[in-house]
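Residue numbers (my numbering): 5 to 168.
Each residue gets a CB set at the ideal place from its N, CA and C atoms; glycine is no exception.
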């Protein structure tokens, strides 16, 4: 599907038909999300995938009973990773295994650490949350490109979601 068409035809589906997305198709979507851009390529997000009806039913009150929750095939809960330093450590380890010169890797890691050290915890969380939106956009457009609908939602109680 042509990019312009994907963007123009994507919409927020408020009630899904309940059909299950094939595992192979969902894996393709996950791969598209994995390629989402992020600052420093830190990918400061985790995605929790909810497929089972019982968990969706438990989440429903924390989402003000919006029908998207229990009619969707897969519920993707995007979570910001608060520990930016841990993400830097993971990326540093990956870079060291690659073929980049050690000096380049060291300079890049220093730049990331300097960036992170200039933020307090609230700023780090806000920055990580902004990165999450990049992954969400890949999810929304990727879903449309693969032929299924999606619906971004901010209307939920994050504390209740964390408990479930």
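Point to revise | Beta-carbon proximity list for residue 117, same chain, < 7 Å, skipping 5 on both sides | key: Here residue 117 refers to the residue found at position 113 of the chain shown. Cβ within range, chain order: 92.
Practice item. Please go through the region 27-75 and give each complete alpha helix (DSSP H) segment of 4 or more residues, from N-terminal end onward. Key: 27-38, 57-63 and 72-75
**Study point:** residue 154 vs residue 139 beta-carbon contact at 8 Å
**Key:** Counting from one through the chain shown, the residue named residue 154 turns up at place 150. Counting from one through the chain shown, the residue named residue 139 turns up at place 135. Contact: no.
Point to revise | Cα-Cα separation, residue 136 to residue 43 | key: Position 132 of the chain shown, counted from the first residue, corresponds to residue 136. Position 39 of the chain shown, counted from the first residue, corresponds to residue 43. Going from the Cα of residue 136 to the Cα of residue 43 covers about 11 Å.
Check your understanding: Between the Cα of residue 19 and the Cα atoms of 28, 70 and 60, which residue gives the shortest distance?
Key -> Your numbering for residue 19 matches position 15 in the chain shown. Comparing Cα-Cα distances from residue 19 to each of 28, 70 and 60, the minimum goes to 70.
Check your understanding: How should residue 147 be labelled, buried or exposed, when 16 other C-beta atoms within 10 angstroms of its C-beta is the threshold for buried?
Key -> Taking the chain shown and counting its residues from 1, one reaches residue 147 at position 143. Flag for residue 147 reads buried.
Review point. Bridge partners of residue 82, per DSSP?
Key: Looking up residue 82 in the chain shown gives position 78. DSSP, once it has assigned bridges, lists 51 as partnering residue 82.
Check your understanding: residue 78 and residue 113: beta carbons closer than 8 Å?
Key -> In the chain shown, the residue the question calls residue 78 occupies position 74. In the chain shown, the residue the question calls residue 113 occupies position 109. No; because the gap between Cβ atoms is not below 8 Å, this pair is not in contact.
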